[in-house]
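All remarks here apply to the structure that follows.
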Amino acid sequence: MNTNINYNAIKTQKNEMLQRFLQAKKKAEQAGQVVAKPI
């Protein structure tokens, strides 16, 4: 069992979630809404 692979997979997943959140926030701001969500 290689824990390094698991760590990289989790890190990648978190980065994807963060990117989706930032994209959604940008779209909401462009639509005239301010999104302020604590991470």
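Residue numbers for the sequence shown follow our numbering, beginning at 293 and rising by one. Cβ coordinates follow ideal geometry from the N, Cα and C atoms, glycine included. The structure displayed is predicted, hence computed values, not measured ones.
Per DSSP, reduced to three states, the secondary structure at Ala301 is helical. Residue state for Ala323 is assigned as coil, using DSSP reduced to three classes. Between Asn300 and Met309, the alpha-carbon positions lie close to 14 Å from each other.
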